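Numbering (our numbering), first residue to last: 86 to 431. Every residue, glycine too, gets a C-beta built ideally from N, C-alpha and C. Here the structure is a predicted model, which is why all the values come from computation and not from measurement.
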C-alpha cells in the first residue's frame, strides 16, 4: 500500500473474516447482520486526461465506505474506462491496478464483476488478464469461475447465519457487446450461466429443505426492468416502488435491444433470486419489485464517462444491502449529496 492511502485502513471496520470452504468464499455471521456496499461504474481512467476526475471518484468511494461501514463491498462493473478520448489511456490493466490499489487500502473484503467497458475493442488487455490480477489481491474475493460457463467472473459468496445459509450472493458476468464494439449492442446473461446459477443453488440447498435464497449482482440490466418501470408509470399495482428515479435521457434503459435474455424469466420460475443489483445506466437509481424480485440500480460513482456528469449529483453514491441472520434483507441508497433525498435533477 502506498503512503498516500495508508489512512484508509482505519475508515471501516468489517466484522467478519471470509473463509474458504470447499472452494467457496463464506462469511459466518452467526446471529448478526451483514452489510454489503454496492458500488458501480467507478470508471477510473488512470490516464493523462483523467487524474482530477479519478481523485473525485476515489473521494466518492471513500465517503460511501465511511458511511456504510460495510462487511463486504461489491463493485458491479465498469470499474475502469479504457477509452482514450476520455481517459487518455487504453491500458486497462494499469487502470485496474490503480483502482484495486485504492480499494485494497481500506482492508475490507471486496468483490467485483466486469461491465461492458472494463475490456474494450481497443484496450490493451482481455478481461481474463484483469481477472488474473484480481485473484492475487489479499482482500479481493473475485474468482474467474468455471471455464466451461460463458463469461469471466461467475462465482458465489455464501453468507451463513445461525441456521445455515442466510443468503447466496451470485456474481455474474453480463458480458459486453453482441459484436466487437459499442455500436453492435449490448449482450445478455447467457443460458448456460442460468443453468450454472440453478445448479449452484440446488447443490447448496439441504435435501428436503427450502431452496436457498439468493441475490444477484451484475452490470447490464435485464429488459424486464424497463417493462416493470413502464407498468409502474401506468399505475400497475403489480409493481412495488421502493426508491430512486430514472434520469437517463428519454427514460433510457441500457438492456440488450438485439437479444432477449432469459435470465429474469428463469429466475422468477426458479424461485431462489430475491434481488438483482446492477449498474450501467449511471443516472438511474430506481429500485422496485416485479414478479417477486427486487430490481435495483446501484447509485453510480462516474465522473468521467458521461459528458457533464461531474456537475450532476443526485445519482452519485452507494447502495447499502443489509442481510440478517434469518435471511431477511433490505436495501437503501447512500447518496453522496443530500439533494438525492426526494429531489430529481432535470
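*asked:* Going by the DSSP bridge assignment, what does residue 114 pair with across the sheet?
replied: In the DSSP output, where bridge partners are listed per residue, residue 114 has none listed.
*What does a CB cutoff of less than 6 Å around residue 93 pick up in its chain, not counting 5 residues either side in sequence?*
190, 191
_Same chain, Cβ closer than 6 Å to residue 162, five either side skipped, listed in chain order_ = 198, 199, 200, 304, 364
*In terms of alpha-carbon separation, which member of 367, 413, 381 lies closest to residue 397?*
367
*Quick one: Cα of residue 98 to Cα of residue 154, how far?*
7 Å
*Let me know if residue 400 comes out buried or exposed under the rule of 16 or more other beta-carbons within 10 Å of its beta-carbon.*
buried
*Output yes or no for whether 9 Å exceeds the beta carbon distance between residue 256 and residue 310.*
no
_DSSP bridge partner residues for residue 385 (one or two, in chain order)_ = 125, 401
*Rounded to the nearest angstrom, how far is the Cβ of residue 247 from that of residue 237, given a contact under 8 Å?*
Going by Cβ atoms, the distance from residue 247 to residue 237 rounds to 35 Å, so no, they are not a contact pair.
_Pairwise C-alpha distance: residue 299 and residue 254_ = 6 Å
*Would you mind working out which of 294, 331, 175 sits nearest residue 129, comparing C-alpha positions?*
175
*Residues that residue 348 bridges to, as DSSP identifies them*: In the DSSP output, where bridge partners are listed per residue, residue 348 has none listed.
_Straight-line Cα distance separating residue 418 from residue 385_ = 11 Å
*Per DSSP, which residues does residue 379 bridge with? Please list them.*
360, 374
_Distance check for residue 219 and residue 185, CA to CA, integer angstroms please._
8 Å
*Flag this pair as touching only if the segment 108-124 and the segment 401-414 have three or more C-beta atom pairs under 8 Å; answer yes or no.*
yes
*asked:* Just list the residues that DSSP pairs residue 261 with in beta bridges.
replied: In the DSSP output, where bridge partners are listed per residue, residue 261 has none listed.
*Within 8 Å: the Cβ of residue 323 and any heavy atom of the ligand GTP?*
Judged by which ligands are present, the structure shown has none, so any question about the ligand GTP falls away.
*Taking just the CA atoms, how far does residue 273 sit from residue 318?*
25 Å
*When the Cβ atoms of the segment 290-297 are set against those of the segment 322-336, are three or more pairs found closer than 8 Å?*
no
*What does residue 299 pair with, by DSSP beta-bridge criteria?*
253, 358
_Cβ shell of residue 211 (< 8 Å), same chain only, five flanking positions each side left out_ = 204
_Separation of residue 392 from residue 271, as counted between CA atoms_ = 20 Å
*What separation, rounded to the nearest whole angstrom, lies between the Cα atoms of residue 95 and residue 142?*
19 Å
*As assigned by DSSP and simplified to three states, the class of residue 309*: helix
_As a quick exercise: from 177, 340, 168, pick the residue whose alpha carbon is nearest that of residue 263._
340
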